[in-house]
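Numbering (the working numbering), first residue to last: 541 to 640.
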């Protein structure tokens, strides 16, 4: 994040955190009958970002998104990088993509 803040603009990153490598898990479970290293915890990426000097946000419900993104935009415009850690459910997004 220090590198991000040295540029002309601070970055704003959104992370869709489904507590796993779900896209890889789909094919791995089907083809290899195992889920090795694909099931994770809801990592506190927002806390990691703050350890590097960014502003971290955590979103746990859909209704929180507009206010959090509005604040993140304001923070980034002020020159500070930020990370929005959105806890999401697993879904079939990108199902059928080759990801093993």
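Where a beta carbon is used, it is the ideal one built from N, C-alpha and C, also for glycine.
Rounded to the nearest whole angstrom, the CA to CA distance from residue 601 to residue 595 is 19 Å. Contact annotation: the stretch 620 to 631 touches the stretch 581 to 591, with at least three C-beta pairs closer than 8 Å. For residue 564, the enclosing alpha helix (DSSP H) starts and ends at 562 to 567.
DSSP, read as helix, strand or coil, puts residue 627 in strand.
When the five nearest sequence neighbours on each side are left out, the beta carbons in the same chain lying within less than 6 Å of the beta carbon of residue 555 are those of 585, 625, in order along the chain. The beta carbon of residue 615 sits closer than 6 Å to the beta carbons of 595, 622 from its chain, once the five residues preceding and following it are set aside; these are given in chain order. Counting only residues of its own chain and dropping the five nearest sequence neighbours on each side, residue 552 has a CB closer than 6 Å to the CB of 612, 616, 622.
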